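Visitor: Have a look at this one.
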Amino acid sequence: RCAGRVEVFHAGRWGTVCDDTWDLAAARVTCRQLRCGPALWAPGAAQFGRGSGVIWLDGVRCDGSEAHLAQCPAHTWGHNDCYHGEDAGAVCAGEQGHAGQVGHVRQVGQVRRVGQPPHLRLAGGGHRCAGRVELLHLGRWAGVCAHSWGPRQARVVCRYLGCG
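Residue numbers (the UniProt record's numbering): 1 to 164.
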């Protein structure tokens, strides 16, 4: 999959994006800009490794229709209250070979094998697209807490599993 830490080029330097308000709409814009297919997941917490240097964007609030990340409202470039443990990432449905860097946005970092992209399954349902959401963590399958779970989260899981 096309996946990695999101970095933007500004003022002659590459820098990261903070995950404070990072969401699937922002990942959607990133994946579109990278010509990498639909967004599946918008991980934060430096899931693709910590960047270094400047953190260019914080408070990114895309509605998902923007042509590129710089069109999304955000704090002033370089103004943030973040550290690189909060670097944002994106997981897109497209293949890695179709992206990498396009214009002023790139995805970097190795996809770590444990915990990302999440190993998910639906268990106990009548077919592969129905059932209880389970996550593989440290070699064991476990249920996902339903607290704060809603249609938006269900759509993300369904897209990730290829269930529409």
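By construction, the Cβ of each residue, glycine as well, lies at the ideal position given by its N, Cα and C atoms. These figures come from a predicted structure and were not determined experimentally.
Considering Cα atoms alone, identify which of Trp149, Ala154, Gly59 is closest to Asp87.
Guide: The residue you call residue 87 lines up with position 87 of the sequence shown. Cα-wise, what sits closest to Asp87 is Gly59.
Visitor: Taking the beta carbon of Val6 as the centre, do at least 16 other beta carbons fall within 10 Å, making it buried, or is it exposed?
Guide: Within the sequence shown, the letter at position 6 stands for residue 6. Buried.
Visitor: Keeping to the same chain, check which residues put their C-beta closer than 6 Å to that of Gln71; ignore five residues upstream and five downstream.
Guide: The residue labelled residue 71 in the question sits at position 71 within the sequence shown. No residues qualify anywhere along the chain.
Visitor: According to DSSP, is Cys145 helix, strand or coil?
Guide: Locating residue 145 in the sequence shown gives position 145, where the first residue counts as 1. Coil, per DSSP.
Visitor: Given that a residue counts as buried once 16 or more other Cβ atoms are within 10 Å of its Cβ, and exposed if not, what is Pro38?
Guide: The residue given as residue 38 occupies position 38 in the sequence shown. Result: exposed.
Visitor: I'd like to know whether the C-beta atoms of Val8 and Cys62 end up nearer to each other than 7 Å.
Guide: As a working mapping, residue 8 is identified with position 8 in the sequence shown. As a working mapping, residue 62 is identified with position 62 in the sequence shown. The answer is no: Cβ separation not under 7 Å.
Visitor: Within 10 angstroms of the Cβ of Asp19, are there 16 or more other Cβ atoms? Answer buried if so, exposed if not.
Guide: Here residue 19 refers to the residue found at position 19 when the sequence shown is read from its first residue. Classification of Asp19: buried, given that the 10 Å Cβ count is 16 or more.
Visitor: Suppose the cutoff is 7 Å on Cβ atoms and the five residues either side in sequence are ignored; what does the same chain contact list for Ala45 look like?
Guide: Here residue 45 corresponds to residue number 45 of the sequence shown, with the count starting at 1. Closer than 7 Å at the Cβ level, and outside the excluded window around Ala45, lie Asp19, Gly85, Glu86.
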